[in-house]
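Residue numbers (the numbering used here): 19 to 166.
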């Protein structure tokens, strides 16, 4: 019994492997590069809604209520996003990526994270004919608000 490939087919396996590898790598990279931003968006939405939810429990007769409610919301945002590695460089509080504001009886917790900061963690590929992978908006944003 002969187990060798014919002379005409000796390089066919290498060529087929190269073509299949490119397809599998593209699918794998797509899954990884889009799962991180989607996970961040889900976490941002959960963090903002939890910050607003916990702020409702604060007693309205507390001295400096508006400051206390904003501080509580900022603390909750930081607690909820504490699992995010430091490499993502999320800043908290006024002027940061994750912040809360209380104006006109409305508490708003928001996270505005520039997609450019993701390039520090996930390399973006620029493919001819496709463009940048992953293709993301300029800012990943989540916001929750409640009127007291």
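We put the CB at the ideal spot given by N, CA and C, even for glycine.
Given the structure is predicted, the values throughout are model-derived calculations rather than measurements.
### Message
Assuming contact is defined by CB atoms lying nearer than 8 Å, are residue 109 and residue 132 in contact in what I supplied?
### Response
As a working mapping, residue 109 is identified with position 91 in the chain shown. As a working mapping, residue 132 is identified with position 114 in the chain shown. No; because the gap between Cβ atoms is not below 8 Å, this pair is not in contact.
| field | Between the CA atoms of residue 88 and residue 123 - distance to the nearest angstrom | value | Taking the first residue of the chain shown as 1, we reach residue 123 at position 105. Taking the first residue of the chain shown as 1, we reach residue 88 at position 70. Approximately 12 Å, taken between the alpha carbons.
* Asked: Does the Cβ of residue 56 have 16 or more other Cβ atoms within 10 Å, making it buried, or fewer, making it exposed?
  -> Working through the chain shown from its first residue, we reach residue 56 at position 38. Exposed is the call here.
Discussion item. Less than 8 Å between the beta carbons of residue 128 and residue 79, yes or no?
Written reply: Stepping through the chain shown from its first residue, residue 128 is reached at position 110. Stepping through the chain shown from its first residue, residue 79 is reached at position 61. No; because the gap between Cβ atoms is not below 8 Å, this pair is not in contact.
- [ ] Please list the segments of the beta strand (DSSP E) lying wholly inside the stretch 52 to 134, counting only runs of 3 or more residues, in order along the chain.
- [x] 116 to 121 and 124 to 132
**Q.** Separation of residue 32 from residue 38, as counted between CA atoms
**A.** For the purposes of this step, residue 38 is identified with residue 20 of the chain shown, where counting begins at 1. For the purposes of this step, residue 32 is identified with residue 14 of the chain shown, where counting begins at 1. Computed Cα separation, rounded: 10 Å.
By DSSP, does residue 149 sit in helix, in strand, or in coil?
In the chain shown, counting from the first residue as 1, residue 149 sits at position 131. Note: residue 149 maps to strand in three-state DSSP.
- State the DSSP-derived secondary structure class of residue 158, mapped to helix, strand or coil. The sequence position of residue 158 within the chain shown is 140, counting from 1. Looking at residue 158 - three-state DSSP - the assignment turns out to be strand.
Look at the Cβ atom of residue 112, then the Cβ atom of residue 91, and state whether they are nearer than 8 Å. The sequence position of residue 112 within the chain shown is 94, counting from 1. The sequence position of residue 91 within the chain shown is 73, counting from 1. No. Outside cutoff.
Pick helix, strand or coil for residue 139, following the three-state DSSP scheme. Here the question's residue 139 lines up with position 121 in the chain shown. DSSP places residue 139 in coil when its eight states are reduced to three.
For this session: With a 10 Å radius around its C-beta and 16 neighbouring C-beta atoms as the bar for buried, classify residue 94 as buried or exposed.
Result: Sequence index remark: in the chain shown, residue 94 carries index 76 (1-based). By the neighbour-count rule (16 or more Cβ atoms within 10 Å), residue 94 is buried.
*Hey, residue 163 and residue 70 are a contact pair by Cβ (cut 8 Å); roughly how many whole angstroms apart?*
As a first step, residue 163 must be located in the chain shown, where it is residue number 145. As a first step, residue 70 must be located in the chain shown, where it is residue number 52. Their Cβ separation, rounded to whole angstroms, is 7 Å, which keeps residue 163 and residue 70 in contact under 8 Å.
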